[in-house]
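Read the structure below first, then the notes.
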Amino acid sequence: MEQPQKLRSIITVNEFIRRQEKLTGVATGEFSGLLMDLILASKIVHREVNKAGLVNILGTEGSANVSGDTQMKLDVFANEQFLAALEVGGHCLAAASEELEGIVCFEGGRQRGARYIVALDPLDGSSNIDVNVSIGTIFAVFRVDEPGKLVTEKDFLRPGKELVAAGYVLYGSSTMLVFTTGQSVNGFTLDPSLGEYCLSHPEIRTPEVGSIYSVNEANLNDMPEGVKNYLASCKTKNNPAGKVHTARYIGSLVADFHRNLLKGGIYLYPATAKDPQGKLRLLYECAPLGFICEQAGGRASDGNRSVLELKPDTLHQRCPLFIGSAAMVRHAESFLNG
Ligand code: P6P
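In the numbering used here, the protein residues as written are 1077 to 1414.
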């Protein structure tokens, strides 16, 4: 009979965060509490995403499900779960979301003297849900200078280098949480039988070089010449890997990013005719993934400089993105900067 995994070898994310608190001496519990709120919401979204295939049985969006509740789009559902968890948790002053035009302020957090704000993409790639392709949540956490501050949109318009935490949840063949608080990047796999995220990928370091590139090549004709020339180099041996690359594009940012983070590779969404600033959002997609990537030894660029240096002018500002193995991103940049 298979030996049960020894309990002592399992480090849950709660335990991991507790240990980190001790390490960093930041033992206020506020920051840990905020992470816990996000983790709780991700478990609820995991449960619904994994039922998505049953929607035809449970009722599609807009219809009433068996309990009479109106079925909603999963990205709207996910947004509601994360906002509710942040509001009830009381550790967050305000949130910005891909699903909302403006920010949402949490009076409870303000009264408790909270000092964190969260920007998130609650369910990125949600158009892939009904074809059972992996999707993801991305979150970014800033600290404000004054506890209980009455936050405005301006408090979110900060460069990614000021983030205190960033993470993503990948709802794939298993559900994984990967996050950094600036010390290292660690991955946790949800064990549904325990309802716990367990440390499965400690101290993630992304390979300096890889041979996977992820891009929607249908846009090639609309891309800058430098990008075309870079992609041509991926199809030869004239690149840091010294070999012809492999194209892998799931069309779900978190899934493509996660694979490249572990195996080495580059994801690029450059400026195109349709999206002259690129398609991806700086605040809650490029910056948090850039923070994670650079903490793992990779590089995240807009083609010229680290995305972590870029200060958004608006909440939903788009930005070209070249992210992944450092040598590959720098190689791509060399084609863009003459
Ligand atoms: P395209 C999903 O809509 C998304 O934001 C990312 O998850 C994904 O990488 C990208 O857009 C796909 O865009 O234009 O290739 O369909």
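All residues carry an ideal CB built from backbone N, CA and C; glycine is no exception.
These figures come from a predicted structure and were not determined experimentally.
For residue i and residue j, which I take to be in contact (beta-carbon distance under 8 Å), what is that distance rounded to the nearest angstrom?
i: Pro-1198; j: Ala-1241; result: That belief does not hold up - the Cβ atoms of Pro-1198 and Ala-1241 are roughly 17 Å apart, past 8 Å.
i: Asp-1200; j: Leu-1329; result: 5 Å
i: Leu-1359; j: Ala-1216; result: 7 Å
i: Asn-1336; j: Tyr-1345; result: About 13 Å separates the two Cβ atoms, so there is no contact after all.
i: Phe-1232; j: Ala-1161; result: 19 Å between Cβ atoms; not a contact.
i: His-1334; j: Tyr-1289; result: About 15 Å; that fails the 8 Å criterion.
i: Leu-1384; j: Lys-1237; result: 4 Å
i: Val-1285; j: Ala-1403; result: 5 Å
i: Ile-1093; j: Leu-1111; result: 6 Å
i: Leu-1159; j: Gly-1185; result: Not quite, the Cβ-Cβ distance comes to about 12 Å (not below 8 Å), so this is no contact.
i: Ile-1115; j: Tyr-1273; result: 7 Å
i: Ser-1250; j: Phe-1264; result: In fact, because the Cβ distance is near 10 Å, the residues do not count as touching under 8 Å.
i: Ser-1401; j: Gly-1340; result: 5 Å
Please name the residue, chosen from the options, that lies closest to residue i on a Cα-to-Cα basis.
i: Pro-1364; options: Tyr-1244, Pro-1268 and Ile-1193; result: Tyr-1244
i: Asp-1389; options: Ile-1193, Leu-1111, Lys-1230 and Gln-1187; result: Lys-1230
i: Lys-1119; options: Asp-1267, Gln-1187, Gly-1400 and Cys-1395; result: Asp-1267
i: Glu-1106; options: Asp-1351, Lys-1225 and Arg-1219; result: Arg-1219
i: Asp-1332; options: His-1122, Ile-1205 and Gly-1212; result: Gly-1212
i: Pro-1352; options: Pro-1396, Gly-1318 and Ser-1202; result: Pro-1396
i: Asn-1417; options: Thr-1265, Lys-1339 and Gly-1354; result: What the structure shows of the chain is the stretch from 1077 to 1414, and residue 1417 is not part of that stretch, so it cannot be assessed.
i: Gly-1374; options: Thr-1348, Arg-1281, Gly-1327 and Gly-1109; result: Arg-1281
i: Asp-1221; options: Asn-1204, Arg-1095, Gly-1248 and Ile-1193; result: Ile-1193
i: Gln-1187; options: Leu-1176, Ser-1210, Pro-1223 and Glu-1156; result: Pro-1223
i: Gly-1109; options: Glu-1163, Glu-1175, Gly-1366 and Ala-1317; result: Glu-1163
Within 10 Å of its beta-carbon, does residue i have 16 or more other beta-carbons around it, so buried, or fewer, so exposed?
i: Gln-1371; result: buried
i: Asp-1113; result: buried
i: Thr-1312; result: exposed
i: Arg-1394; result: buried
i: Pro-1278; result: exposed
i: Asn-1315; result: buried
i: Leu-1412; result: buried
i: Glu-1183; result: exposed
i: Glu-1177; result: exposed
i: Glu-1293; result: exposed
i: Ser-1210; result: buried
i: Leu-1391; result: buried
Is any non-hydrogen atom of the ligand P6P found closer than 7 Å to the C-beta of residue i, if you look at the structure I gave you?
i: Gly-1400; result: no
i: Asn-1292; result: yes
i: Leu-1162; result: no
i: Asp-1200; result: yes
i: Gly-1327; result: yes
i: Asp-1332; result: yes
i: Lys-1355; result: yes
i: Ser-1203; result: yes
Taking one C-beta from the stretch 1400 to 1412 and one from the stretch 1375 to 1387 each time, how about it: are there three or more such pairs within less than 8 Å?
-> In short, these stretches touch, since the Cβ pair count reaches three.
Cβ contact (3+ pairs, closer than 8 Å) linking the stretch 1300 to 1314 and the stretch 1255 to 1270 | no
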